[in-house]
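Below is one structure, written out as structure tokens; comments come after it.
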Amino acid sequence: MKIFFDTSALVKRYVDEPNSDRVIEICRQADRLILSIICLPEMISTLNRLLRENTISAEDYR
């Protein structure tokens, strides 16, 4: 099964948010994850923002 994730869904794979458990389950079932080319810079930007807001720790960021 191929799954397309936008950045907001992919963040849930790495950050505990509502529905994160569902995203993790979908990832386990997928044969392929398909991402937009802008997903990586958006993901980095989102994780940096969450770090600045102390939503995630520096250790989790690594």
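Each residue of the sequence shown is one higher than the one before, starting from 0 at the first, in numbering that gives the first Met the number 0.
Just so it is clear, CB atoms sit at the ideal spot from N, CA and C, and this is done for glycine as well.
Computed from a predicted structure; not experimentally measured.
| Asked | Found |
| --- | --- |
| So, does the stretch 41 to 60 touch the stretch 1 to 19, judging by three or more C-beta pairs under 8 angstroms? | yes |
| Does the separation of the CB atoms of residue 2 and residue 37 fall below 8 angstroms? | no |
| Could you give the distance in angstroms between the alpha-carbon of residue 52 and the alpha-carbon of residue 32? | 28 angstroms |
| Tell me, which residues are paired with residue 32 by DSSP? | 2 |
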